[in-house]
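Chemist:
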Amino acid sequence: MCDTCGCNVTHGNRHLLAPGGRLEKTGQGGEAVTVLRNLLSENDRTAAHNRSHFDRHAVFAINLMSSPGAGKTALLEATVDALGERFRIAVIEGDLETENDAQRIRARGVPAVQITTGSACHLDAHMVHNALHQLELDGIDILFIENVGNLVCPASFDLGQHRNVTLLSVPEGDDKPAKYPVMFRAADVVALTKVDLLPVLDDFSTERARDHMHALASAAPVLELSVRAGDGISAWLDWLAAELEHYRQHSRRGETLRPRIQPEGLRLHGLKA
Amino acid sequence: MHELSVCQALVGQLEALAREQQAIRVVKLLVGIGPLSGVEPALLSQAFPLAAAGTLAQDAELTIEDRPVRVHCLQCGQDSDASVNRLLCGHCGDWRTELLSGDELMLVQVEFVREQAYV
Chain A
1 MCDTCGCNVT HGNRHLLAPG GRLEKTGQGG EAVTVLRNLL SENDRTAAHN RSHFDRHAVF
61 AINLMSSPGA GKTALLEATV DALGERFRIA VIEGDLETEN DAQRIRARGV PAVQITTGSA
121 CHLDAHMVHN ALHQLELDGI DILFIENVGN LVCPASFDLG QHRNVTLLSV PEGDDKPAKY
181 PVMFRAADVV ALTKVDLLPV LDDFSTERAR DHMHALASAA PVLELSVRAG DGISAWLDWL
241 AAELEHYRQH SRRGETLRPR IQPEGLRLHG LKA
Chain B
1 MHELSVCQAL VGQLEALARE QQAIRVVKLL VGIGPLSGVE PALLSQAFPL AAAGTLAQDA
61 ELTIEDRPVR VHCLQCGQDS DASVNRLLCG HCGDWRTELL SGDELMLVQV EFVREQAYV
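So the sequences go chain by chain: A and B. Sequential numbering from 1 applies to the first sequence in the numbering used here. Sequential numbering from 1 applies to the second sequence in the numbering used here.
Encoded structure:
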């Protein structure tokens, strides 16, 4: 076909070249094609694949996100200690370097796969997919994916998880939801950690942290806990057990679950998967 | 930070689309980005030539369209402008809103040059 003389224009495709048609001629002799596809659709496809993997094995998958040092691994240790008898837990650990976190989890008798991302500041669906090859999902009730410590990038990548959990530790300051709206908007629950430090760091107001969450139009519960002092852990475990049950109800109906904000975006923008 | 991986995904999509369209080169592309996507338009513009080098999108002109943050109020039913960390209704001030736009990360349009077949 030739783009010079118009011999490629047929009765069947003429409408595409009309003004506003999909292939209307543009300035440089090219043809414009309307795509309307999410830039991360390749990642999202793999995430959907991961999600169906989880669903086939009825594994409830949680993406655990926070800044470095907010206490993700400590919360996982406490969770394993409290629920290890009741549920079978597995963990995927994302870090730039070291196997330290996976070793801490394995020391508690729980299978853990470490992903070292090198310089990558987030996990993506492909990395998680590769890690799944090293993990026996049969019989697992809950899979925690501990993302790279970072309040920016992890929020943009769907991994196939069913729920997002975001930690905010007291030393970081109560304005983090306002400073990192993308991350905190994605949270299905926010855990304010290290609340045993509140008497010392009295400029942190849990009320202000909640107000910042509301300003993000988020109805996510905000839990206050301290792993060190053993405070508030039961509210976290209750949330977890309730969400697991919620997931299992969906799972029995052959349905899946997604983090709260993702379907909203997909629906509103009419994006192709 | 992650703009380069976003660009790599973008270039992958452009290559797939070009194959589909039997195109030999990408001339232009239009990308829509909302601030709640977590991607910084300026960084994306800088990263794009690096990701596109050596591909058929190498010399493509990238245009980024900023998408406004808009919310729909679930209480009073009106739509209003909002900011990234203040997604409250601009009319009644309620926090129970849903996002109408502002979290897009979307390849909107691509302009190709097609392969010329010999007659």
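C-beta atoms are modelled at their ideal positions from N, C-alpha and C, and glycine is treated no differently. It should be emphasised that the depicted structure is a prediction, and the values quoted were computed from it without experimental measurement.
Could you tell me the alpha carbon to alpha carbon distance between B:Ser-83 and A:Thr-166, rounded to whole angstroms?
Modeler: 21 Å
Chemist: Checking the sheet assignment: what are the DSSP bridge partners for A:Gly-94?
Modeler: A:Ile-115
Chemist: Taking only the alpha-carbon atoms, compute the straight-line gap between A:Thr-116 and A:Leu-159 and give it to the nearest angstrom.
Modeler: 16 Å
Chemist: Which chain B residues are close to A:Leu-159, counting only those with a beta carbon under 9 Å from its beta carbon?
Modeler: Per Cβ cutoff of 9 Å: no residues; A:Leu-159 is ~14 Å from chain B at best.
Chemist: Please list, in chain order, the residues of the region 153 to 183 of chain A that have any C-beta partner in chain B closer than 7 Å.
Modeler: Cys-153, Ala-155, Ser-156, Ala-178, Pro-181 and Val-182
Chemist: Starting from the Cα of B:Gly-127, find the closest Cα among B:Glu-3, B:Gly-38 and B:Ser-5 and give me that residue.
Modeler: Outside the shown range of chain B (1 to 119) lies residue 127 of chain B, about which nothing can therefore be said.
Chemist: Per DSSP, B:Lys-28 forms a beta bridge with which residues?
Modeler: B:Glu-61 and B:Glu-111
Chemist: Looking only at DSSP bridge pairs, what is B:Cys-73 linked to?
Modeler: B:Thr-97
Chemist: In three-state DSSP terms, what is A:Ala-191?
Modeler: The answer is strand: DSSP assigns A:Ala-191 an E or B state.
Chemist: Please determine, among A:Val-189, A:Ser-218, A:Ala-217 and A:Leu-257, the residue with the shortest C-alpha to C-alpha distance to A:Asp-238.
Modeler: Per the C-alpha coordinates, the member of A:Val-189, A:Ser-218, A:Ala-217 and A:Leu-257 positioned closest to A:Asp-238 is A:Val-189.
Chemist: Would you report the Cα separation of B:Ile-33 and A:Ala-107, rounded to the nearest angstrom?
Modeler: 44 Å
Chemist: For A:Val-182 and A:Ala-155, which I take to be in contact (beta-carbon distance under 8 Å), what is that distance rounded to the nearest angstrom?
Modeler: 5 Å
Chemist: Tell me the residue span of the alpha helix (DSSP H) that contains A:Asp-274.
Modeler: Absent from the structure is residue 274 of chain A, since the part of chain A shown begins at 1 and ends at 273.
Chemist: Going straight from the alpha carbon of B:Leu-56 to that of A:Gly-30, what length do you get?
Modeler: Approximately 14 Å, taken between the alpha carbons.
Chemist: Which ranges would you report for the beta strand (DSSP E) in the region 205 to 232 of chain A if only whole runs of at least 3 residues count?
Modeler: 222 to 224
Chemist: Between A:Arg-88, A:Arg-260 and A:Leu-225, which lies nearest to A:Asp-196 when the distance is taken from Cα to Cα?
Modeler: A:Leu-225
Chemist: Where does the unbroken beta strand (DSSP E) through A:Asp-44 begin, and where does it stop?
Modeler: A:Asp-44 -> not in any beta strand (DSSP E); alpha helix (DSSP H) instead, spanning 41 to 56.
Chemist: For A:Glu-93, which of A:Leu-64, A:Lys-176, A:Ala-186 and A:Asp-44 has the nearest alpha-carbon?
Modeler: A:Leu-64
Chemist: Could you tell me whether any Cβ in chain E is nearer than 8 Å to the Cβ of B:Ala-9?
Modeler: Absent from the structure: chain E. Protein chains present are A and B.
Chemist: Label A:Asp-95 either buried or exposed according to how many other C-beta atoms from any shown protein chain fall within 10 Å of its C-beta, with 16 as the threshold for buried.
Modeler: buried
Chemist: Suppose contacts are defined by Cβ-Cβ distances below 8 Å. Is A:Asp-174 in contact with A:Phe-204 by that definition?
Modeler: yes
Chemist: Which class does A:Ser-67 belong to by DSSP, given the choice of helix, strand or coil?
Modeler: coil
Chemist: Which residues bound the alpha helix (DSSP H) around A:Ile-145?
Modeler: Not the alpha helix (DSSP H): A:Ile-145 falls in the beta strand (DSSP E), residues 142 to 146.
Chemist: Tell whether a beta-carbon distance below 8 Å holds between A:Leu-168 and A:Ala-78.
Modeler: no
Chemist: For B:Leu-100, collect the residues of the same chain with a Cβ closer than 7 Å to its Cβ; drop the 5 residues on either side in sequence, then sort them by chain order.
Modeler: Arg-70, Val-71, His-72 and Asp-79
Chemist: For A:Ala-131, collect the residues of the same chain with a Cβ closer than 6 Å to its Cβ; drop the 5 residues on either side in sequence, then sort them by chain order.
Modeler: Ile-92, Val-113 and Ile-115
Chemist: Hey, how far is the Cα of B:Leu-36 from the Cα of A:Ile-261?
Modeler: 11 Å
Chemist: So what does DSSP say about A:Thr-73, is it helix, strand or coil?
Modeler: Here A:Thr-73 carries a helix assignment [DSSP, helix/strand/coil].
Chemist: Do A:His-49 and A:Ile-140 have their C-beta atoms within less than 8 Å of each other?
Modeler: Contact flag unset, no.
Chemist: Could you spell out where the alpha helix (DSSP H) holding B:Ala-18 opens and where it closes?
Modeler: Start and end: 3 to 20.
Chemist: Helix, strand or coil for A:Asn-100? Go by DSSP, reduced to three states.
Modeler: helix
Chemist: If you measure beta-carbon to beta-carbon, which residues of the region 214 to 237 of chain A are closer than 7 Å to chain B?
Modeler: His-214, Ala-215, Leu-216 and Ala-217
Chemist: Going by DSSP, which residues form a beta bridge with B:Glu-40?
Modeler: BP columns for B:Glu-40 are empty, so no partner.
Chemist: Which partner residues does A:Ala-282 have in the DSSP bridge list?
Modeler: Nothing about residue 282 of chain A can be reported from this structure: the residues present for chain A run from 1 to 273 only.
Chemist: Looking at the secondary structure, which residues open and close the alpha helix (DSSP H) in which B:Ala-53 lies?
Modeler: Here B:Ala-53 belongs to no alpha helix (DSSP H), and DSSP marks it neither H nor E.
Chemist: Beta-carbon of B:Ser-45 versus every beta-carbon of chain A: anything under 8 Å?
Modeler: No, its Cβ sits nowhere closer than 8 Å to a Cβ of chain A.
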